[in-house]
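Single-structure report; data block below.
In this note's numbering, the protein residues as written are 34 to 718.
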């Protein structure tokens, strides 16, 4: 193979080098710009990492936020500073510190509102900014900036609602509604409308809320969005329940339940059942309430929802208590205790035990009632302990957050003092750029030298790779030429046995099949890959020959999945035969009774799985029976196939794996060989 570089190739490389020269020449000139981009990306990474680790390592998370804010303030990155405030707001929200959360969201909006599009342009150097580039940069960032505003409005609105500040919440959701626009971002548009309706319900403006809900419901009905339709029906039910109109509420809850049943939405089904039950309780219709609870119990029992089933049983027990059926109440409540134990729900169990205490007291079983009450006290202590631990953990996180908030406040004040320092740094930056210009010629010469060195290195590396590949191909051909004599020797040995036993007819038949097999083997011996269907034909002939030789030693079965497209796949020749040969000669031949050999071709999602299993004496016993010489010299066929597999993987980049196991691990009997051929890499071209 000729590895020399042609004249045209040299010209192409030289042309590429000339094209790259301007890039290298500006490397130092724009080093400050690259540093800014690096810092910007680093800040983003810090904030993203902080969000991931906050629950498990709040101290580390807050250190990352502090570091990001410090860099953002130092380099005037308003987006990063805004994002950091947003992250702090999220942390406070998770800790239910809604006042601090809202304050951080408002700070994020304040920082972002300082001309966010213009602030996004800080990355562009004065010397390289043009009207065209600026316009393109603005356009590419417009969507992200709008999305950030929407997320902040959404989070601030929800937080204000948690703080019971409906008017403040309404302000943010109106902004979200305006920014989204009905034809622009429907998801956020209708989320804002739904949130405004929720606020109207909270402040008692039921007519406005109903109008909003119905408008949103009509939209989702046209979109065939079943989950949203279910949610809207539940909200409309809540609306009428709040107005003490249980019948209308039940109608909406029932619609939600029926839709949820069709979509296997268990959570919504149980929410609907629970609200129907509460609405019936508003009417004091206990019999109907019991009927609904029984339906819920049947549903959760069928679905295996143990936690919900426990709640249903307790609700039913309490209803029986209301109707003075204390014995039935005890039965349901005890079931609730068992189910809550099963689901590990201590709070639900506590409610059940308390109700059981009341039920036993009504039954006159005061001793049992007292025991139940004591157990209830213990359970409540456990619940309170868990709650206290969670509160303490949140307090610790809160203290860390408070410390971070104080540091951020100091940084904000320092920011104002550092403006003059930043201007001085910018002047220094311009001086450095002048220095870079003076180094321009030196950079060109260094670039040319480096380019020539890289080209030379690539040529040497490419030649070495080609030489190595050629050597491996020669080794592969050598291994293939070694396998054929090995296989022929073993096959001729079988013919010799027939001749020595004077069985001329069997010998002739065997020789006819053997010659056909040899013709196929020799025809394919020069190929690296052959169609899988040809390999199977060779295996069928080989199995037939070996079985005729060892009829009293084994039976065999060759199974091929009909879904495998044999003609579309290729395989290295004689890949499978050595494993079958090993199974017969070293496993089944020495078995006292008749053995069984099974070769199965399976079709999986990614692979063709070839399983060769025999119930022979096994690898360990076979090794014990070998002579010292046999132990030293391994089977040539298996050794060669292992080497072939490694080389084929390396050269052709195919996915081919082999696993060898004992059929019965406890006794070491039998052997299973599994070959996994990736269908994509063994596809015929």
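Where is the CB? At the ideal position from N, CA and C, for every residue including glycine.
It should be emphasised that the depicted structure is a prediction, and the values quoted were computed from it without experimental measurement.
- Runs of the alpha helix (DSSP H) spanning 4 or more residues and lying entirely within the stretch 517 to 588 occur at 537 to 557 and 565 to 582, in chain order.
- Take the alpha-carbon of residue 283 and the one of residue 252: they are about 22 Å apart.
- Rounded to the nearest angstrom, the Cβ distance from residue 343 to residue 301 is 19 Å, too far for a contact under 8 Å.
- Each residue's CA atom was taken as its position, placing residue 209 and residue 280 some 34 Å apart.
- With a minimum length of 4 residues, the unbroken runs of alpha helix (DSSP H) contained wholly in the stretch 227 to 293 fall at 239 to 256 and 259 to 275.
- Taking C-alpha positions only, residue 363 is separated from residue 136 by approximately 51 Å.
- Beta bridge pairing from DSSP links residue 321 with no other residue.
- Under the 10 Å beta carbon count, residue 115 is surrounded by 16 or more other beta carbons and is classified as buried.
- With a cut-off of 8 Å on Cβ pairs, the stretch 609 to 623 is in contact with the stretch 570 to 590, counting three or more such pairs.
- About 5 Å separates the beta carbon of residue 706 from that of residue 612, a gap short enough to meet the 8 Å contact definition.
- Residue 71 is classed as exposed because its beta carbon has fewer than 16 other beta carbons within 10 Å across all chains shown.
- Per DSSP, residue 88 has no beta bridge partner at all.
- Around the CB of residue 257, fewer than 16 other CB atoms lie within 10 Å, so the residue is classed as exposed.
- Here residue 275 is not near residue 290, since their CB atoms are 7 Å or more apart.
- Around the beta carbon of residue 637, fewer than 16 other beta carbons sit within 10 angstroms, so the residue counts as exposed.
- Annotation for residue 346: the continuous alpha helix (DSSP H) segment containing it runs 339 to 355.
- Across the structure, residue 108 and residue 190 are spaced so that their CA atoms are roughly 30 Å apart.
- According to DSSP, residue pairing for residue 709 in a beta bridge involves 642 and 690.
- In this chain, residue 364 is not harboured by any beta strand (DSSP E); it is covered by the alpha helix (DSSP H) spanning 359 to 376.
- For the stretch 107 to 140, there is no continuous beta strand (DSSP E) assignment of 3+ residues that stays within its boundaries.
- Selection 263, 261, 709 and 335 evaluated against residue 634 yields 709 as nearest (Cα-Cα).
- Cβ-Cβ distances below 6 Å link residue 568 to 604 in the same chain, with the five nearest sequence neighbours on each side left out; the list follows chain order.
- By the beta-carbon neighbour count (other beta carbons within 10 angstroms, threshold 16), residue 656 is exposed.
- Between residue 87 and the set 127, 111 and 105, the nearest pair of CA atoms involves 127.
- According to the DSSP assignment, residue 209 belongs to the alpha helix (DSSP H) that extends over 199 to 213.
- With a beta-carbon spacing of about 6 Å, residue 214 and residue 222 fall inside the 8 Å limit used to define contacts.
- Residue 369 is positioned such that its CB atom lies closer than 7 Å to that of residue 347.
- Scanning the stretch 609 to 641 for uninterrupted alpha helix (DSSP H) segments of 4 residues or longer gives 610 to 616, listed from N- to C-terminal end.
- The C-alpha of residue 336 lies about 21 Å from the C-alpha of residue 382.
- Linking residue 120 to residue 183 through their CA atoms gives a straight-line distance of about 15 Å.
- Residue 403 and residue 139 have their C-alpha atoms spaced approximately 54 Å apart.
- Bridge partners of residue 603 according to DSSP: 564.
- When the five nearest sequence neighbours on each side are left out, the beta carbons in the same chain lying within less than 6 Å of the beta carbon of residue 694 are those of 705, in order along the chain.
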